[in-house]
Each structure stands twice: as C-alpha cells, then as structure tokens.
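Shown next, in structure tokens, is the structure this report addresses.
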Amino acid sequence: MDIIELAGYGQLKKLREAAQNGDRAAQYNLGVVYFEGKEVDQDYLEAAKWYGAAADQGDVQAQFNLGLMFYRGVGLPKNLAYAYELFSLAAAQNDERAKQGMAAILTEAPAEVLADIRKLAGNTQH
C-alpha cells in the first residue's frame, strides 16, 4: 500500500483533484508524492508548490517540509531566512523538528541573513 492509498485517495487523479479543490491534506500528500517521486516523476518544484499550498493553510508538516527544502537547497535555492520563517510557523504549532531547524539556522547563518530574520520577526509581531 502506498501513501496515496493510505491517505484514502485510491488514485493519483483523485488526489490531484482534491488538492486543486483546496483540500489541505491532499495538497500535503501530493507534495510528498512529487518530492519522493512516487507514482510520478520526482519534481521538487511541484512538491514545493503543493507543500506551499498546504503550508498557507496552516499544515505543520508542509511548513516543516518546505522549510527543509529551503534550508537544504533541495530543488529550490537555499534561503535560510525563508526556511526560518517556515520553521517558525511550524514551531508555533509545537513541531520540535522546526524548533531544532530554527536553532541550527541561528547558529550557522551569516550576519546579513540574521538581520533579515530579525526583520521578518519584527514584521510578524504586532
């Protein structure tokens, strides 16, 4: 049994339709399918698109996974400030891995990236 069947979608077409209709879980799962190359050719940009859609709806796994893609530069340009922002969204939902990712970025990021992170943090605290 693969992730599509486990998620209750049965076939890729149904999963894609549900994702296109705004189903957050389907968006996340479609991101996983494209990231891992299961049932489709591996496509990191398509994975990022679907992780992003789910992350925008507050999906903690999608926030973390997309943050990790930016942190590592997998399929996307490495962007520690954006990774930090995504990790902070997931950490706000008590995702421990995201908290660890934030700590790692703070220890390894160059000064200009840390300044960008501080600006982002200042813009989100109202």
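If you're matching positions, the sequence shown starts at 19 in the numbering used here and goes up one per residue. Cβ atoms here follow ideal geometry from the backbone N, Cα and C, with glycine treated the same way.
Assign residue i to one of two classes, buried (16 or more other C-beta atoms within 10 Å of its C-beta) or exposed (fewer than that).
| i | result |
| --- | --- |
| D77 | buried |
| A36 | buried |
| L124 | exposed |
| A129 | exposed |
| A65 | buried |
| Q111 | exposed |
Grab me the residues of residue i's own chain with a C-beta within less than 6 Å of its C-beta, minus the 5 sequence neighbours each way, in chain order.
| i | result |
| --- | --- |
| F105 | G85, A116, G119, M120 |
| A101 | G85, F88, Y89 |
| N97 | F88 |
| A127 | L98 |
| A72 | R42, Q45, Y46, A80 |
Please determine, among the options, the residue with the shortest C-alpha to C-alpha distance to residue i.
| i | options | result |
| --- | --- | --- |
| F53 | G93, G40, A101 | G93 |
| A70 | N83, D61, D59 | Reading off the sequence, residue 70 comes out as Gly, not Ala. Cα-wise, what sits closest to G70 is N83. |
| L30 | D41, N39, R42, V51 | V51 |
| V131 | N112, E103, A65 | E103 |
| G91 | E114, D113, L63 | L63 |
Can you find a heavy atom of the ligand HEM that lies under 7 Å from the Cβ of residue i?
| i | result |
| --- | --- |
| G119 | Summarising the ligand content, the structure contains no ligands, and the ligand HEM is consequently not present. |
Considering only residues of the same chain and omitting the five flanking positions on each side of residue i, which have a CB-CB separation below 8 Å?
| i | result |
| --- | --- |
| K137 | none |
| K32 | none |
| Q60 | Y52, F53, E54 |
Return the Cβ separation of residue i and residue j in integer angstroms, given the expectation that the two are a contact with Cβ distance under 8 Å.
| i | j | result |
| --- | --- | --- |
| A108 | Q81 | 4 Å |
Can you find the residues in the same chain that come closer than 7 Å, C-beta to C-beta, to residue i, ignoring five residues on each side of it along the sequence?
| i | result |
| --- | --- |
| Q143 | Model confidence at Q143 stands at a pLDDT of 47, short of 50, so the residue's coordinates are unreliable; what they give is reported in the following sentence. The answer is none, since no qualifying residue turns up. |
| L48 | L33, R34, A37, W68 |
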